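>
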């Protein structure tokens, strides 16, 4: 996801405009409701 908010995401990753955080989170909720499986996010700090 690269950043905690949409505005910062768009400055770091220009393609983030095509996939806004609101849409990603809604898709995660829909996935959980349809499958019963939780979605997790992981990150690596280098």
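Residue numbers (UniProt numbering): 1 to 46.
Note that CB positions come from ideal geometry on N, CA and C, so glycine has one too.
Bear in mind that the values here come from a model prediction, so they are computed numbers and not experimental data.
1) Could you give the DSSP three-state label for residue 9: helix, strand or coil?
2) First and last residue of the alpha helix (DSSP H) that includes residue 41?
3) If you draw a straight line from the C-alpha of residue 29 to the C-alpha of residue 46, how long is it?
4) Near residue 21, which residues of its chain fall below 8 Å by C-beta distance, leaving aside the five closest residues on each side in sequence?
5) Could you give the residue range of the alpha helix (DSSP H) that holds residue 21?
In this structure, then:
1) helix
2) Run containing residue 41: none; DSSP gives neither H nor E here.
3) 29 Å
4) 1, 5, 6, 9
5) 21-35 is the span of the alpha helix (DSSP H), which, as asked, contains residue 21.
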